[in-house]
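Residue numbers for the sequence shown follow the UniProt record's numbering, so the first one is 1 and each next one is one higher.
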Amino acid sequence: MVGDVPVGGDAPVSVQSMTTTLTADVNATLQQIAELTASGCQIVRVAVPSQDDADALPAIARKSQIPVIADIHFQPKYVFAAIDAGCAAVRVNPGNIKKFDDKVGEIARAAKDAGVPIRIGVNAGSLDKRLLEKYGKATAEALVESALWECSLFEEHDFRDIKISVKHNDPVVMINAYRQLAARCDYPLHLGVTEAGPAFQGTIKSAVAFGALLAEGIGDTIRVSLSAPPVEEVKVGIQILESLNLRERGLEIVSCPSCGRAQVDVYSLADEVTAALKDFPVPLRVAVMGCVVNGPGEAREADLGVASGNGKGQIFVKGEVVKTVPESQIVETLIEEAVRIAEEMGVD
Ligand code: SF4
């Protein structure tokens, strides 16, 4: 458990992110956590590089609506501070664990007494020097060896409330590392492609890597890393899980790419329908199709759909054509029908 969020076993895969504010700025951090919570984030991590940040943890942990994980490098004293502050978990980095060596027993005892799990967070960019020398670079094998070695340090103190991440910026290495790790231990796994890049590239890398692993049943919680506001990470994470049917889909737009047969502006139509229904309170699959070739078939399969032709749109609801409207009325008609579907389901 990370606070009240189960991680591992048969628990649903959870979505997490990390704040970008100075943790010591309690108000700004809580504001960002509130935004993340509203966007569907289930667990949030905050960086603790200084004493001021450690001092802010009690207020943040107390007021956050979702479990807070303290991210700690170098300073064991902040681990104790995070546990005392009521943080739901602590992340430590094996690249820095040597400094923790004589403290591992103490950390294990404190974490165990408080029921606080620890994430062993291996990252290609801060891999233990010893393993860098042994493998030449941050290979999948090096990441896994590092993680399991650090787990063993905690296991020696009978501490097993652990989850692990082995992040790399190359999805191929990352996938390989998690596969090896899943074969070698039963700990819950936190998936991440580290330093994945700006929003577009990072989204693709994360979707490819998480998709491959989650489809094999590997991965218990995910963090998409983007050089973009953290709310965007959460949106991408949720979309990845919805795409794999690992959580109920919200709004799903089935729209065609358009082609020479299109008889409406499919791009605009799909954008307008997406914008109009993005916060709709019931899950909907909406087909937006440019012509009558595949249009009626897809529209029929969706909760709601339009197949366009001759400047008009055939509107489908649950497989039946309910009306045909001029192109200019397609969006408003789809919204009216969506509202009707929600009312029938008893949702305002
Ligand atoms: Fe082209 Fe029609 Fe298919 Fe859209 S539905 S891609 S317009 S053939």
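Built from N, CA and C at the ideal position, the CB exists for glycine as well.
Note that the coordinates shown come from a computational prediction; the quantities given were computed from them, not determined experimentally.
Opening and closing residue of the beta strand (DSSP E) in which residue i lies
i: residue 16; result: 14-18
i: residue 105; result: Careful: residue 105 lies outside any beta strand (DSSP E), inside the alpha helix (DSSP H) at 104-114.
i: residue 123; result: 118-123
i: residue 287; result: 284-289
i: residue 312; result: 312-317
DSSP state of residue i mapped onto helix, strand, coil
i: residue 45; result: strand
i: residue 278; result: coil
i: residue 226; result: coil
i: residue 145; result: helix
i: residue 66; result: coil
i: residue 307; result: strand
i: residue 324; result: strand
i: residue 349; result: One cannot answer for residue 349 here, as it falls past the ends of the chain, which runs 1 to 348.
i: residue 24; result: coil
i: residue 2; result: strand
i: residue 55; result: helix
i: residue 126; result: helix
i: residue 138; result: coil
Bounding residues of the alpha helix (DSSP H) (the contiguous stretch that carries residue i)
i: residue 297; result: 295-301
i: residue 339; result: 330-344
Environment of residue i [buried if 16+ CB atoms lie within 10 Å]
i: residue 260; result: exposed
i: residue 129; result: exposed
i: residue 270; result: buried
i: residue 205; result: buried
i: residue 279; result: exposed
i: residue 91; result: buried
i: residue 215; result: exposed
i: residue 235; result: buried
i: residue 167; result: buried
i: residue 347; result: exposed
i: residue 71; result: buried
i: residue 200; result: exposed
i: residue 48; result: buried
i: residue 11; result: exposed
i: residue 3; result: buried
i: residue 77; result: exposed
i: residue 196; result: buried
i: residue 221; result: buried
i: residue 102; result: exposed
i: residue 29; result: buried
i: residue 217; result: exposed
i: residue 192; result: buried
i: residue 172; result: exposed
i: residue 340; result: exposed
i: residue 134; result: exposed
i: residue 184; result: exposed
i: residue 354; result: No answer is possible for residue 354: it lies beyond the span of the chain, which begins at 1 and ends at 348.
i: residue 345; result: exposed
i: residue 314; result: buried
i: residue 142; result: buried
i: residue 108; result: buried
i: residue 158; result: exposed
Residue i: CB within 7 Å of a non-hydrogen atom of the ligand NAP
i: residue 10; result: Questions concerning the ligand NAP fall outside what the structure shown contains, since the ligands it does hold are the ligand SF4.
C-beta neighbour in chain B for residue i, strict 8 Å
i: residue 244; result: Chain labels in this structure do not include chain B; a single protein chain is all it has.
At 3 residues or longer, and completely inside the segment 69-100: list those beta strand (DSSP E) runs for me, N to C. 89-92
Just to confirm the assignment: which complete beta strand (DSSP E) runs, minimum length 3, are found wholly within the segment 204-278? 221-223 and 251-255
Which full runs of the beta strand (DSSP E) of 3+ residues lie inside the segment 145-203, going along the chain? 162-167
Which residues have their C-beta within less than 7 Å of a heavy atom of the ligand SF4, listed in chain order? 256, 257, 258, 259, 261, 262, 266, 289, 290, 291, 293, 294 and 295
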